[in-house]
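Student: Chains as they are written, first to last, in my numbering: chain L, 1 to 478; chain P, 1001 to 1487.
1. Could you give the distance in angstroms between the alpha-carbon of residue 209 of chain L and the alpha-carbon of residue 1212 of chain P?
2. Pair every Cβ in the segment 1150-1167 of chain P with every Cβ in the segment 1362-1380 of chain P, then say whether three or more of these pairs are closer than 8 Å.
3. Are the segment 246-253 of chain L and the segment 212-229 of chain L in contact at 8 Å, needing three or more beta carbon pairs?
4. Taking only the alpha-carbon atoms, compute the straight-line gap between residue 1379 of chain P and residue 1207 of chain P and give it to the nearest angstrom.
5. Per DSSP, which residues does residue 1375 of chain P bridge with? Please list them.
6. Taking Cβ positions only, does residue 273 of chain L come closer than 8 Å to chain P?
7. Taking only the alpha-carbon atoms, compute the straight-line gap between residue 1437 of chain P and residue 32 of chain L and give it to the nearest angstrom.
8. Counting only Cβ pairs nearer than 9 Å, list the residues of chain L close to residue 1233 of chain P.
9. Any beta carbon of chain P sitting closer than 8 Å to that of residue 279 of chain L?
10. Which partner residues does residue 1402 of chain P have in the DSSP bridge list?
11. Quick one: residues in its chain with C-beta nearer than 7 Å to the C-beta of residue 174 of chain L, no 5 flanking neighbours on either side, listed in chain order?
12. Please list the partners that residue 80 of chain L has in chain P, where partner means a Cβ-to-Cβ separation under 7 Å.
13. How would you label residue 1337 of chain P, buried or exposed, when you count the other beta carbons within 10 angstroms and need 16 or more for buried?
14. Taking a contact to mean a Cβ-Cβ separation below 8 Å, would you say residue 1150 of chain P touches residue 1167 of chain P in this structure?
15. Would you kindly check if the distance between the Cβ of residue 1159 of chain P and the Cβ of residue 1190 of chain P is under 8 Å?
16. So with CB distances below 7 Å, who are the chain P contacts of residue 88 of chain L?
17. Please decide whether residue 43 of chain L counts as near chain P, where near means a Cβ-Cβ distance under 8 Å.
18. Please confirm if the segment 1296-1307 of chain P is in contact with the segment 1442-1449 of chain P, defined as three or more CB-CB distances below 8 Å between the two stretches.
19. Using a Cβ-Cβ distance cut-off of 8 Å, determine whether residue 269 of chain L contacts chain P.
20. Quick one: list the residues of chain P neighbouring residue 139 of chain L, beta-carbon separation under 7 Å, in chain order.
21. Short of 8 Å Cβ to Cβ, which residues in the segment 1208-1241 of chain P face chain L?
22. Which ranges does the alpha helix (DSSP H) cover as unbroken runs of at least 4 residues, wholly within the segment 1282-1368 of chain P, from first to last along the chain?
23. Distance check for residue 407 of chain L and residue 453 of chain L, CA to CA, integer angstroms please.
24. Between residue 1457 of chain P and residue 1399 of chain P, what straight-line distance do the alpha-carbon atoms span, to the nearest angstrom?
25. Taking the straight line between their C-alpha atoms, what separation do you get for residue 105 of chain L and residue 180 of chain L?
26. If you reduce the DSSP assignment to three classes, tell me which class residue 1049 of chain P lands in.
27. Can you name the start and end residues of the alpha helix (DSSP H) that residue 222 of chain L belongs to?
28. Nearest-angstrom Cα distance between residue 1345 of chain P and residue 1126 of chain P?
29. My output table needs one value for residue 480 of chain L: the three-state DSSP class, helix, strand or coil.
30. Specify, as a first and last residue, the run of the alpha helix (DSSP H) that residue 1422 of chain P falls within.
31. Which residue wins for smallest C-alpha separation from residue 381 of chain L, given the options L:28, L:339, L:417 and L:356?
32. Which residues does DSSP list as the beta-bridge partners of residue 1212 of chain P?
33. Residues in the same chain with beta-carbon distance under 7 Å from residue 1102 of chain P, minus the five sequence neighbours each way, listed in chain order, please.
34. Does DSSP classify residue 165 of chain L as helix, strand or coil?
35. Name the chain P residues that come within less than 7 Å of residue 276 of chain L, Cβ to Cβ?
36. Curious, which full-length alpha helix (DSSP H) runs of at least 4 residues does the segment 234-307 of chain L contain?
Listed below in structure tokens is the structure:
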């Protein structure tokens, strides 16, 4: 039987606010346990929540960036359940009226095709604390530093039909939240968490199959693997005549499999009801407009501009605009280099990105900044450096030996472009190989390659290759 | 001056400012009275003698420096529902018997800043759930007028302590009548302000959309002075009103000529004790003499208030009380086997019967499949009740009626029949559902127990209510009666 995969994603993006969503406590990562928890975060008797306006602004920004519907009135609700790291015995979330409702996400696949994924909703909620099961000798430690951290839960429609589509959608959202400066996107630290609702159905069937929710996926690579494993598992279950159970499953990256965490029978009745401690969030048009005015150029628009303004290919533009920082880096480099966009794009996407990857660094920690890379572009563009020399200079720059001009100066790498000097090098080299010169002149074209090599060697790579070639040909044919 | 406990705040102010006695001596007077009488009444859970005397000493310094405010050096008792830093805040529950609050409620903070002298924390129904103060883990409070009778609840400790002269003023909270009903049963004055007028920050939540703190004292004037400090916007409570608070003493003496009073026929029907009705009628006649006009009005949805309240309040309570799980503070059972055992036994041991009853009712009402039929329907009823009040209050200035259908029952009676106890809140609960202000003032006795008149006003009309109560009290002396056993 032919099976079709159906995937919907729930993404929790931690909002980059300075303080928590309902208290003034800092949200900084990595503090000593329970040092960032005040009476509100601890859920002490009598403590009350007060909504962080910045969290609301960021949520609206997200909705506007997707051109989704912004609810002018949204409601916070309590989701009731007991857990030791949930201090109040309920999580403040949104249920019936989320702040962002209904929208579309346009996803560009690797092969350039477009895919539209429906956005069901995006709502504000508070994070829980952390339960620490190690180091406590059979007991559980509770760290409430994270309790009350603002999250935007972004829920998609079940519109994706493969793990690749799911990954492309998740990357699109990831890029967007980072563009908007609303989330640092760090998947390892849990600032960007993706849960996948996965089901399969016989191709052509309209009804959805029973789904499983896959959690604990902390990279895009694991997301793809987890979905693929889950799809295979469900197909196996169905093909062996059994039924898929609705349940929550955890992905184990070490074993590359998903395991059952709790079934629907064990699922909670969360008893949602409007939180009487918080007023409805009412947004006026002036506020929404002010947020709209503050929107940065978004990935799609930036990509289009890169194609039109710089004449880049769709592939290059897509690559360069995948992250706001990379796009900014490219534009800064281009400005500093004053060169052709394509040359700059090739370097940013090629040697520069490769060096970053190899060193395992992100842009912010690159030893070569846009100003420096631009300086190198300038010297390539004005023919001071050949392609090969440019690579040497780049490596030296990466190693911290200074900017391009300083390295060229220090190493004497300046490309020779003076016609007379090049002619002298050619003549000197040819004088050492009279036999080969004679062979060429008698019609053995093959020997040309050898002579080019010898001349290049004599020039120690410094001569402009085009000029060198031209002079060599002229000499041989004269 | 052995009658210090019978003085009004204005009189005490004069005595303190003229240095006839010091704030420390005044505090000691009340502490001695608590020591002498509270073994009978059980109106205090904690007495904070040392901290109180220290605060009194600071108050004396202010008085000496000529910096005294209206409440400088005035003793006050706080209902044990308000968090008091460094002092046990039990909420009348075993669950919080070991809870020393690490912060002050906004109300407590404001009263501390006004240089009041805290005498202690008053007894109450457990988590404010009850109308008799009998559900307290610390035992029942007795009514100073008749120690066989309950003082009402849940702010029964505050009401009894004021009536017996153990404190001149006290804080209370009112979710369905918990200030007004004990004020009525104990013959004192108690005001439930408009929802949002007094900050709920640091006030342990029972039903968040209904809870409101307010002043309790012997007179309307004293309530006004106390409300002056308690009321006002608080950024830490999102439901706090941004409307500016007033000087609630400014309009106390306004003439009542032309005051339009509405008497809802639903508040004078079957079930109202004849003695109570007579006392209320007499009070209304007195107000007529003061120039008020009276007409009958109707609040047709009144009978739905109790059922709606007993869905909404327990629903919110079931969620509000989830934080008492034995994990971070409060009672924890011995040697829990596992997490479920920790939750189950800590809560089973920590909560009393009435609290458990309401948690279960609320949990049920919010459950999937029942939410629409109970919670949503109750919210619609709440809207209807609020609409009734709005309509009537567009025709009259205030609504009046009894606070309760009968006088204080005997101890133990209500425990036998919780539903009968729930019904005793029939005239007070609708006011909370509508979020309106209402005051309870003593207007006489029936069956030798005090009777309270309820005056309900428009939102933020606290000044008007205090004005009416004050003019009435200028013309009568019911509020100056003291229980014989506590002279």
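Heads up, the beta-carbon is just placed ideally off N, CA and C, and yes, glycines get one too.
Tutor: Let's see:
1. 50 Å
2. no
3. Three or more Cβ pairs drawn from the segment 246-253 of chain L and the segment 212-229 of chain L lie within less than 8 Å of each other, which places the two stretches in contact.
4. Those two C-alpha atoms are separated by around 14 Å.
5. Beta-bridge pairing links residue 1375 of chain P to no other residue.
6. Judged by the 8 Å Cβ criterion, residue 273 of chain L is in contact with chain P.
7. Those two C-alpha atoms are separated by around 47 Å.
8. What residue 1233 of chain P touches in chain L: nothing, since even the nearest Cβ is about 12 Å away.
9. It does; some Cβ of chain P falls within 8 Å.
10. For residue 1402 of chain P, which the question treats as bridged, DSSP gives the partners P:1453.
11. 185 and 192
12. 1319 and 1322
13. By the 10 Å Cβ count, residue 1337 of chain P comes out exposed.
14. no
15. Between residue 1190 of chain P and residue 1159 of chain P, the gap from beta carbon to beta carbon is short of 8 Å.
16. 1322 and 1323
17. yes
18. no
19. Chain P contact via Cβ: present.
20. Under the 7 Å cutoff, chain P gives no residues; its nearest Cβ is about 11 Å from residue 139 of chain L.
21. 1208, 1209, 1235, 1236, 1237, 1238 and 1239
22. 1305-1320, 1339-1350 and 1353-1366
23. 26 Å
24. 7 Å
25. 15 Å
26. Three-state result, residue 1049 of chain P: helix.
27. 220-239
28. C-alpha separation (whole angstroms): 18 Å.
29. Outside the modelled stretch of chain L, which goes from 1 to 478, sits residue 480 of chain L, for which no answer is possible.
30. 1418-1423
31. With respect to the C-alpha of residue 381 of chain L, the residue from L:28, L:339, L:417 and L:356 having the closest C-alpha is L:339.
32. P:1174
33. Result list for residue 1102 of chain P: 1085, in chain order.
34. Residue 165 of chain L falls in the helix class under three-state DSSP.
35. 1208, 1209 and 1316
36. 285-293
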